[in-house]
Amino acid sequence: MAPRFELLKTDPTGARLGRLETPHGVIDTPAFMPVGTAASVKGLTQEMLLQLGVQVLLANTYHLYLRPGHERVRRLGGLHRFMSWPRAILTDSGGYQVFSMAGLREISDEGVRFRSHLDGAEHFFTPELAVEVQWALGADVAMVLDECIEYPASHEHARQAMRRTFEWARRSKQAFALRGDPGRQMQFAIVQGGVYADLRRQSADQMVELDFPGYAIGGLAVGEPRALTLDIAAEAAARLPAGRPRYLMGVGKPEDLPDYVAAGVDMMDCVLPTRNGRNGCLFTRYGRLLIKNAAYADDERPIDPTCACPVCRRYSRAYLRHLYLANELLAPVLNTCHNVYFYLDTMRQIRDAIRSGTLEVFRSDLQARHQAGHP
RNA sequence: GGACGGGUGGGUGAGUGGCUAAAACCAGCAGACUGUAAAUCUGCCGCUCCUUGCGGGCUACGGAGGUUCGAAUCCUCCCCCGUCCA
Numbered sequence: 001m002a003p004r005f006e007l008l009k010t011d012p013t014g015a016r017l018g019r020l021e022t023p024h025g026v027i028d029t030p031a032f033m034p035v036g037t038a039a040s041v042k043g044l045t046q047e048m049l050l051q052l053g054v055q056v057l058l059a060n061t062y063h064l065y066l067r068p069g070h071e072r073v074r075r076l077g078g079l080h081r082f083m084s085w086p087r088a089i090l091t092d093s094g095g096y097q098v099f100s101m102a103g104l105r106e107i108s109d110e111g112v113r114f115r116s117h118l119d120g121a122e123h124f125f126t127p128e129l130a131v132e133v134q135w136a137l138g139a140d141v142a143m144v145l146d147e148c149i150e151y152p153a154s155h156e157h158a159r160q161a162m163r164r165t166f167e168w169a170r171r172s173k174q175a176f177a178l179r180g181d182p183g184r185q186m187q188f189a190i191v192q193g194g195v196y197a198d199l200r201r202q203s204a205d206q207m208v209e210l211d212f213p214g215y216a217i218g219g220l221a222v223g224e225p226r227a228l229t230l231d232i233a234a235e236a237a238a239r240l241p242a243g244r245p246r247y248l249m250g251v252g253k254p255e256d257l258p259d260y261v262a263a264g265v266d267m268m269d270c271v272l273p274t275r276n277g278r279n280g281c282l283f284t285r286y287g288r289l290l291i292k293n294a295a296y297a298d299d300e301r302p303i304d305p306t307c308a309c310p311v312c313r314r315y316s317r318a319y320l321r322h323l324y325l326a327n328e329l330l331a332p333v334l335n336t337c338h339n340v341y342f343y344l345d346t347m348r349q350i351r352d353a354i355r356s357g358t359l360e361v362f363r364s365d366l367q368a369r370h371q372a373g374h375p
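Per the working numbering, the first sequence starts with residue 1, numbered consecutively.
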């Protein structure tokens with residue numbers, strides 16, 4: 001299979017410009033992927049996502065396995081058809097749920113025993129099952145099951161999780177090979193190792209040895225200081241082959257995105273634009289804006305006067321504040337729309353900056369704006 | 001005119017002698033949120049003072065007075081509101 005990732009340019013900062021081909025269209029990288037855990041980016045319709053220019057979104061293997069069930073999705077023609085999404089989908093494996101549902105699961109080398117948060121039923125998740133589910137869903141990019149650990153964690157604990165994640169990656173690759181149609185789906189490995197640089201290097205080397213079409217860096221942004229996130233991400237990224245896409249999982253704040261890109265990351269995803277939008281936190285070039293603040297009660301300006309999104313073109317802060325306080329359904333919709341646009345637009349600007357060799361300028365401008373705050 | 005029931009902090013509404021500046025919820029104010037168990041969660045929410053502390057002072061449960069070491073809670077009178085009987 002010919003490599004589908006094309007590296008167009010590498011910036012002196014380490015930032016990369018590229019494109020990833022999938023059965024459902026091209027992903028221009030560096031890319032931001034909105035999170036649609038349950039086959040829905042909360043608050044937005046697929047039509048809105050298309051209009052915003054989303055090229056790829058995330059869905060979650062574990063959640064869709066529980067509900068509506070991967071076999072049902074398969075019968076209904078696969079996830080793209082089921083949710084009427086024509087572009088690319090990357091499914092997370094359920095490894096994050098190992099972390100986030102720590103109270104509801106028991107982990108062993110064989111796999112993870114989950115107690116469903118929906119009905120309490122037990123489910124045994126294995127690397128092989130994660131492959132099977134993602135195959136049934138028909139994701140363009142499938143992630144291997146990994147063990148995402150908490151922060152802080154001891155070196156020994158991180159080493160164990162790294163070891164297990166490697167073993168699972170090996171099994172995942174084997175299970176994936178049995179499917180026999182690598183043109184339909186790409187499988188990405190996940191580097192673990194906590195915040196320990198030696199483990200990260202080791203984990204990356206191991207995964208590269210197994211040879212995957214793409215590599216993710218997982219287990220970060222789980223509570224550690226941001227500088228550490230960046231250091232470890234860069235440490236891991238540096239070990240990964242230049243010709244393969246690199247996906248930093250679960251990041252980040254908008255002002256940090258260019259830093260991750262400069263660390264050599266090609267893909268990112270994060271719930272911040274969607275979740276924070278629902279919670280009234282709007283991202284702008286000048287930093288966060290909490291729309292419920294009394295200061296905006298009579299403010300006729302848009303969220304961000306320099307933003308070209310459908311929300312900023314039409315609605316005032318005063319109105320958006322009213323919607324939020326009144327608990328109107330439009331509030332999360334409009335807030336999420338703005339935030340997702342903002343993330344995508346930031347990535348667009350980052351790609352432009354790499355192309356024109358001005359990423360450093362972009363970064364310092366961004367930093368200056370954030371320090372200055374809202375005008 | 002009579003018989004019951006009721007008047008509590010911005011709202012609804014607990015609380016029947018001290019642990020009560022007074023539950024809970026709502027509203028309001030502020031903050032958090034990083035591969036989504038999140039349209040969620042946290043803090044503040046009578047006034048005031050400062051050496052910001054499980055700190056001091058003041059005011060407060062319709063009104064006035066009383067009983068008591070101590071009252072939103074008990075007693076008396078009055079004023080409102082609701083229901084029913086005349």
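For each residue, glycine too, the CB sits at the ideal point set by N, CA and C.
- Counting only runs of 3 or more residues that sit fully inside the region 72 to 112, the beta strand (DSSP E) segments are 88 to 92, 105 to 107, in chain order.
- Leu257 and Ile107 have their C-alpha atoms roughly 32 Å apart.
- The continuous beta strand (DSSP E) containing Phe32 extends over residues 31 to 34.
- The region 133 to 145 and the region 4 to 24 touch, with no fewer than 3 CB-CB distances between them shorter than 8 Å.
- In terms of Cα proximity to Leu199, the closest of Glu224, Gly183, Ser154 is Ser154.
- Our two residues, Arg348 and Glu122, have alpha carbons roughly 43 Å apart in a direct line.
- For Leu129, the enclosing alpha helix (DSSP H) stretches over residues 127 to 137.
- Between the C-alpha atoms of Gly43 and Cys337 there is a straight-line separation of about 8 Å.
- The C-beta of Leu240 has 16 or more other C-beta atoms within 10 Å across all chains shown, which makes the residue buried.
- DSSP, read as helix, strand or coil, puts Leu17 in strand.
- Phe32 and Arg115 have their C-alpha atoms some 31 Å from each other.
- Contact between Gln192 and Ser203 holds, with the beta-carbon distance rounding to 5 Å and staying under 8 Å.
- Pairing Ala227 with Tyr260, the inter-Cα distance amounts to about 11 Å.
- Between the region 79 to 93 and the region 49 to 63 there are three or more C-beta pairs closer than 8 Å, enough to call the two in contact.
- Separation of Val131 and Gln97 (C-alpha to C-alpha, rounded to the nearest whole angstrom) is 16 Å.
- Classified as buried, Ser172 has 16 or more neighbouring CB atoms from the shown chains inside 10 Å of its CB.
- In the structure shown, Arg246 falls within a strand segment according to DSSP collapsed to helix, strand and coil.
- Nearest in C-alpha terms to Glu255, of all of Arg278, Asn279, Ala238, Leu230, is Leu230.
- Between Leu104 and Asn335, the alpha-carbon positions lie close to 32 Å from each other.
- Relative to the Cα of Pro30, the nearest Cα in the group Pro245, Leu145, Gly77, Met101 belongs to Pro245.
- Beta-bridge partners assigned by DSSP to Leu289: Leu282.
- Short of 6 Å from the beta carbon of Thr37, and not among the five residues preceding or following it, lie these beta carbons of its own chain, in chain order: Asn60, His63.
- Thr336: member of the alpha helix (DSSP H) spanning 330 to 355, first to last residue.
- One thing to note: Asn293 has its Cβ no nearer than 9 Å to the Cβ of Arg275.
- DSSP, reduced to helix, strand and coil, places Asn327 outside both helices and strands of the structure shown, so it counts as coil.
- Shown here, Thr229 sits in a helix according to DSSP, grouped into three states.
- In the structure shown, the three-state DSSP call for Tyr151 is coil.
- By the neighbour-count criterion, in which a residue is buried when 16 or more other Cβ atoms sit within 10 angstroms of its Cβ, Val195 is buried.
- Across the structure, His374 and Gly183 are spaced so that their CA atoms are roughly 47 Å apart.
- Taken through DSSP and simplified to helix, strand or coil, Ala237 comes out as helix.
- Taking each of Gln185, Pro127, Gln371 in turn and checking the Cα distance to Glu110, the smallest one comes out for Pro127.
- Tyr215 sits in a strand when the DSSP states are folded into three classes.
- Assignment of Lys253 by DSSP, reduced to helix, strand and coil, places it in the coil class.
- Burial is judged here by how many other beta carbons sit within 10 angstroms of a residue's own beta carbon; Ser93 has at least 16 and is buried.
- In this structure Lys9 does not touch Ile232 by the C-beta definition: roughly 25 Å separates them, more than the 8 Å allowed.
- Of the residues assessed, Gly252 falls on the buried side of the cut-off, its CB having 16 or more other CB atoms within 10 angstroms.
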